[in-house]
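Read the structure below first, then the notes.
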Amino acid sequence: RTRDNRRAAFATLLQRFQQELTEQRVLDPACGSGNFLYVALTKLLDLEKEVLVYGATNGLALGYPLVSPTQLAGLEVNEYARELAQVAIWIGYLQWRITNGFSGLPDPILEPLETIRLQDALLDRSDSEHPTEAAWPAADYIIGNPPFLGGKRLRTELSDDYVDDLFALYENRVAREADLVSYFFERARDAISMKQASRAGLLATQSIRAGASRQTLERIKHSGEIFMAWDDEPWVLNGASVRISIVGFDDGSEHERKLDGAVVERINSDLTADIDLTRAARLNEKLGICYQGPIKVGPFEISAELADRWIKLPPNPNGRLNNEIVKPWANASDITGRPRGFWIIDLDPRMDIAEAALFEAPFEYVREHVRPDRLKNRDRRFQDSWWIHGRSRADMRKALKGSYRYICTPRVSKFRLFAWLDIETLPDTRLYVFARADDYFFGVMHSRAHEIWSLRMASRHGVGNDPTYNNTTCFETFPLPWPPGEEPWRDDRLHDIANAARDLDDKRRAWLDPEGATPAELKKRTLTNLYNARPAWLTQAHATLDRAVWVAYDWPDPDPESVPEEVILSRLLELNQTRGMRGPG
1 RTRDNRRAAF
11 ATLLQRFQQE
21 LTEQRVLDPA
31 CGSGNFLYVA
41 LTKLLDLEKE
51 VLVYGATNGL
61 ALGYPLVSPT
71 QLAGLEVNEY
81 ARELAQVAIW
91 IGYLQWRITN
101 GFSGLPDPIL
111 EPLETIRLQD
121 ALLDRSDSEH
131 PTEAAWPAAD
141 YIIGNPPFLG
151 GKRLRTELSD
161 DYVDDLFALY
171 ENRVAREADL
181 VSYFFERARD
191 AISMKQASRA
201 GLLATQSIRA
211 GASRQTLERI
221 KHSGEIFMAW
231 DDEPWVLNGA
241 SVRISIVGFD
251 DGSEHERKLD
261 GAVVERINSD
271 LTADIDLTRA
281 ARLNEKLGIC
291 YQGPIKVGPF
301 EISAELADRW
311 IKLPPNPNGR
321 LNNEIVKPWA
331 NASDITGRPR
341 GFWIIDLDPR
351 MDIAEAALFE
361 APFEYVREHV
371 RPDRLKNRDR
381 RFQDSWWIHG
391 RSRADMRKAL
401 KGSYRYICTP
411 RVSKFRLFAW
421 LDIETLPDTR
431 LYVFARADDY
441 FFGVMHSRAH
451 EIWSLRMASR
461 HGVGNDPTYN
471 NTTCFETFPL
481 PWPPGEEPWR
491 DDRLHDIANA
501 ARDLDDKRRA
511 WLDPEGATPA
521 ELKKRTLTNL
531 YNARPAWLTQ
541 AHATLDRAVW
551 VAYDWPDPDP
561 ESVPEEVILS
571 RLLELNQTRG
581 MRGPG
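By our numbering, the letter at position 157 of the sequence shown is numbered 157, and the numbering carries on one by one without gaps.
Here is the structure:
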């Protein structure tokens with residue numbers, strides 16, 4: 001009798017677990033053609049099959065699978081995709097039953113899945129005067145691959161009215177600069193915090209762990225926890241290779257944390273597991289030094305030959321020469337590769353159209369080649385002032401005034417490279433500019449300390465997964481050996497850094513442009529190729545520079561190259577926190 005009781009209790013336990021499986025609800029708020037929901041359904045069916053097989057092995061017949069497509073819910077704005085999702089889920093369900101030996105099919109075989117809704121996932125604009133957040137069905141799990149749409153493209157893709165409503169409804173919850181996927185993460189977080197869901201697992205581009213989009217993950221950690229993540233995975237979007245992050249989060253109930261499949265103690269909001277550099281503060285002492293280059297918004301660049309012709313022209317009707325507004329121009333390719341020799345028309349942003357027109361040849365070029373596209377631009381400012389650059393960076397120009405050179409670094413680059421540009425050269429928006437002309441500063445920027453810090457603080461870009469430099473996260477958080485403005489200019493430690501930096505730059509220049517090299521040979525001599533090869537002399541030059549920087553930081557290590565990255569990051573974070581407490585001034 002005791003054996004019968006145990007058997008009955010065991011059967012009840014299995015039946016209860018099977019029943020629980022049939023009660024699980026899964027939501028994909030951007031379900032598309034239903035791929036993620038289909039996978040979720042097959043996983044539930046596989047788990048239920050394990051229960052059935054286990055019961056049968058132990059003499060307990062539990063019958064057929066009870067998990068059903070009706071446990072899935074989806075939201076989709078495209079009617080065709082919604083219909084396709086319903087059919088795909090049903091066909092996948094029937095195929096699973098047949099493949100796994102459960103031949104008894106439901107009647108009718110296919111029926112509408114009313115749980116797959118045709119609706120916007122973020123906004124309910126049925127009352128256009130008073131839009132609200134779209135309602136989501138209650139679910140145990142929220143999954144999916146929300147749209148990959150960068151924050152700067154929201155208005156272009158979604159319309160001004162939609163974005164204005166989005167910003168208003170999600171004020172103080174999602175940063176306006178954040179990618180669209182951040183709104184889905186926030187809605188899932190909110191559903192979990194309101195007990196309308198238990199867990200969520202969503203895909204996003206890697207930008208979710210950096211900049212404005214990362215604030216969403218910080219909110220998730222405040223109200224719950226990230227218990228599982230893959231920080232950098234390959235993915236295909238519309239036929240193009242991209243890099244993504246996968247994030248699983250809940251209300252904090254899950255005690256185990258896994259990052260990239262490995263058990264860790266914690267997962268930070270930047271999807272790292274060791275030192276939490278998201279605590280790094282932007283230092284007031286670093287403001288006013290680093291700037292993104294001007295954004296042209298139009299084809300203002302010209303060939304060197306055309307620039308030369310214009311510069312040789314007689315004075316314009318205003319008595320001024322064209323060399324005032326025709327300048328050498330450089331973008332990231334000129335730093336990582338060979339200089340291309342482009343020039344650019346750079347009319348003073350304070351000029352009205354009458355003043356600009358007095359520079360006859362350049363103005364006519366802009367009127368013919370730039371104006372047509374600018375008049376089509378959605379931004380009225382770009383239409384009204386079509387003869388000047390879209391973002392001329394007045395603050396950058398002011399910071400550089402009076403100098404003879406400046407430092408630049410590509411925004412996106414395989415290696416974190418720094419180079420000098422003459423003050424006459426206008427940088428492109430794909431460059432970050434440092435308003436410093438001293439070798440000491442150049443040396444610290446090119447040190448291993450700054451390289452490691454900037455690589456950890458950078459976001460990633462493109463299929464090459466190249467690090468993206470940013471003035472706020474990479475530079476303004478980085479503590480220099482001495483705060484800017486407090487450098488001991490007569491100190492030997494500073495001089496040693498400057499000398500090592502100058503030596504590094506001199507040797508690189510000699511390698512890039514050796515005397516007597518053929519055009520074919522010069523074509524191969526780029527900074528990217530140099531750092532790919534990393535010859536012994538380059539390694540030695542960087543080692544000398546790093547030793548000088550280490551002394552300035554008062555770090556005891558005799559060999560900077562052997563110091564673990566986490567040790568360096570820990571030291572820099574501690575210094576950042578100390579400097580951050582000083583406040584302005």
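Backbone N, C-alpha and C define an ideal beta-carbon position, used for all residues, glycine too.
Within 8 Å, strictly: CB atoms of residue i and residue j
i: residue 200; j: residue 142; result: yes
i: residue 589; j: residue 433; result: Nothing can be reported for residue 589: it is not among the residues displayed for the chain, which extend from 1 to 585.
i: residue 545; j: residue 498; result: no
i: residue 186; j: residue 170; result: yes
i: residue 285; j: residue 493; result: no
i: residue 275; j: residue 476; result: no
i: residue 343; j: residue 366; result: no
i: residue 395; j: residue 291; result: yes
i: residue 389; j: residue 346; result: yes
i: residue 317; j: residue 287; result: no
i: residue 151; j: residue 114; result: no
i: residue 298; j: residue 374; result: yes
i: residue 523; j: residue 340; result: no
i: residue 116; j: residue 71; result: no
i: residue 547; j: residue 560; result: yes
i: residue 10; j: residue 65; result: no
i: residue 363; j: residue 356; result: yes
Per-residue burial, residue i [other beta carbons within 10 Å of its own, 16 or more giving buried]
i: residue 550; result: buried
i: residue 307; result: buried
i: residue 249; result: buried
i: residue 537; result: exposed
i: residue 585; result: Caution applies to residue 585, whose pLDDT of 48 falls short of 50 and renders its modelled position unreliable; the value that the coordinates give is listed next. With fewer than 16 other Cβ atoms within 10 Å, it is exposed.
i: residue 314; result: exposed
i: residue 413; result: buried
i: residue 421; result: buried
i: residue 352; result: exposed
i: residue 471; result: buried
i: residue 440; result: buried
i: residue 581; result: exposed
Spatially closest choice to residue i from the options, by CA coordinates
i: residue 605; options: 514, 88, 80; result: No answer is possible for residue 605: it lies beyond the span of the chain, which begins at 1 and ends at 585.
i: residue 206; options: 234, 358, 163; result: 234
i: residue 411; options: 159, 40, 455; result: 455
i: residue 220; options: 231, 241, 251; result: 251
i: residue 293; options: 212, 257, 399; result: 399
i: residue 63; options: 70, 52, 71, 73; result: 52
i: residue 378; options: 153, 40, 222; result: 153
i: residue 202; options: 145, 510, 167, 376; result: 145
i: residue 409; options: 451, 375, 533; result: 451
i: residue 40; options: 362, 59, 73; result: 73
i: residue 442; options: 289, 231, 255; result: 289
i: residue 59; options: 134, 22, 7; result: 7
i: residue 311; options: 340, 360, 82; result: 360
i: residue 528; options: 415, 556, 542; result: 415
i: residue 242; options: 20, 218, 148, 304; result: 148
i: residue 281; options: 562, 15, 479; result: 479
i: residue 453; options: 564, 238, 259; result: 564
i: residue 593; options: 542, 210, 431, 223; result: Shown here, the chain extends from 1 to 585; a query on residue 593 therefore has no answer.
i: residue 483; options: 16, 576, 466, 45; result: 576
i: residue 568; options: 259, 34, 449, 55; result: 449
Residues that DSSP places opposite residue i in a beta bridge
i: residue 249; result: 200, 226
i: residue 13; result: DSSP lists no partner for residue 13.
i: residue 141; result: 26, 199
i: residue 388; result: DSSP output for residue 388 lists no bridge partner at all.
i: residue 160; result: Paired residue(s): none; residue 160 is not in a bridge.
i: residue 593; result: Here the chain comprises residues numbered 1 to 585, so residue 593 is not present and cannot be evaluated.
i: residue 552; result: DSSP lists no partner for residue 552.
i: residue 484; result: According to DSSP, residue 484 bridges with nothing at all.
i: residue 521; result: DSSP lists no partner for residue 521.
i: residue 74; result: 28, 116
i: residue 427; result: 330
Contact belief for residue i with residue j at Cβ below 8 Å, rounded distance in angstroms
i: residue 30; j: residue 75; result: 7 Å
i: residue 48; j: residue 24; result: About 10 Å; that fails the 8 Å criterion.
i: residue 271; j: residue 245; result: 6 Å
i: residue 424; j: residue 328; result: 6 Å
Near the ligand NAD: residue i beta-carbon under 7 Å from a heavy atom
i: residue 74; result: Here there are no bound small molecules, and the ligand NAD is not part of this structure.
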